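Colleague:
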Amino acid sequence: MNIDGEPTESSPLLHVPAPVFVGSAQPLPTITSTLARIQYVSIEELTVSDILGSYDPTASIKTSFVLIILLQWRINKIQERISPRDVWDQWSKEKNTSLTVDQLEALILEVWTDFVTEYRTSQDIENVLWFKFPHEEEGTRSVRGALI
Numbered sequence: 002m003n004i005d006g007e008p009t010e011s012s013p014l015l016h017v018p019a020p021v022f023v024g025s026a027q028p029l030p031t032i033t034s035t036l037a038r039i040q041y042v043s044i045e046e047l048t049v050s051d052i053l054g055s056y057d058p059t060a061s062i063k064t065s066f067v068l069i070i071l072l073q074w075r076i077n078k079i080q081e082r083i084s085p086r087d088v089w090d091q092w093s094k095e096k097n098t099s100l101t102v103d104q105l106e107a108l109i110l111e112v113w114t115d116f117v118t119e120y121r122t123s124q125d126i127e128n129v130l131w132f133k134f135p136h137e138e139e140g141t142r143s144v145r146g147a148l149i
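Here the working numbering is used: the first residue of the sequence shown is 2, the next is one more, and so on.
(1) Relative to the C-alpha of L68, which residue among D115, E119 and E139 is closest?
(2) Taking E95 as the reference, give the member of L105, R82 and L72 with the closest Cα.
(3) Taking 8 Å as the threshold, find out whether the segment 83–93 comes into contact with the segment 44–54 through three or more Cβ pairs.
(4) Measuring CB atoms only, is the segment 55–65 touching the segment 108–125, in the sense that at least three cross pairs come out at less than 8 Å?
(5) Using a threshold of 9 Å, state whether the C-beta atoms of I36 and N77 are closer than that.
(6) Starting from S93 and walking both ways along the alpha helix (DSSP H), at which residues does that stretch end?
(7) If you draw a straight line from the C-alpha of Y56 to the C-alpha of E10, how long is it?
(8) So is I32 buried or exposed if we call it buried at 16+ other beta carbons inside 10 Å?
(9) Taking the CB atoms as reference points, tell me whether G54 and P28 lie closer together than 9 Å.
(10) Along the alpha helix (DSSP H) that carries V42, what are the first and last residues, could you check?
(11) Pick from P58, T59, W92 and R38: whose alpha carbon is nearest that of I52?
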């Protein structure tokens, strides 16, 4: 933008306004700490409350965070290295990974469907897709749902 507020060649193509928090702003949970906290929870028993812990944001920010966590968990499962000693071990580990990925995909679809069953404003949808959460406690890297 130039001095007059007019767009220039270096202006961003999309304007993403900062999400509005209701009440006091809470510190944002990190992706890595949340994944570490829930990694031993069975996917069949996993709830949104397990993922959020004590974090209590608006519905759109909650959906954004839950989707980011589930998508990142899915990526991590797909990228896990399998180093079995024999063919049977390799097959069973790949089968378990495939089952876990399928369960995560079903949960991702369920979270998104729950969000869009009610009327949502464009701001709500932008928050789900573009809100940034820190990847690590001390790092500067952040993750947006639309970029996973």
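By construction, the Cβ of each residue, glycine as well, lies at the ideal position given by its N, Cα and C atoms.
None of these values were measured; they are calculated from a predicted model.
Modeller: Inspection of the coordinates gives the following:
(1) Answer by Cα proximity: D115.
(2) The candidate whose alpha carbon is nearest that of E95 is R82.
(3) The segment 83–93, when compared against the segment 44–54, does not touch it at the 8 Å Cβ threshold.
(4) Verdict: yes, contact present.
(5) What sits at residue 36 in the sequence shown is Leu, not Ile. Yes, the Cβ-Cβ distance between L36 and N77 is below 9 Å.
(6) Here the alpha helix (DSSP H) through S93 covers V88 to V117.
(7) Taking the straight line from one Cα to the other gives about 39 Å.
(8) By the neighbour-count criterion, in which 16 or more other beta carbons inside 10 Å mark a residue as buried, I32 falls on the buried side.
(9) Not closer than 9 Å, so no.
(10) For V42, there is no enclosing alpha helix (DSSP H), as DSSP marks it with neither H nor E.
(11) Residue R38 is the option with its Cα nearest to I52.
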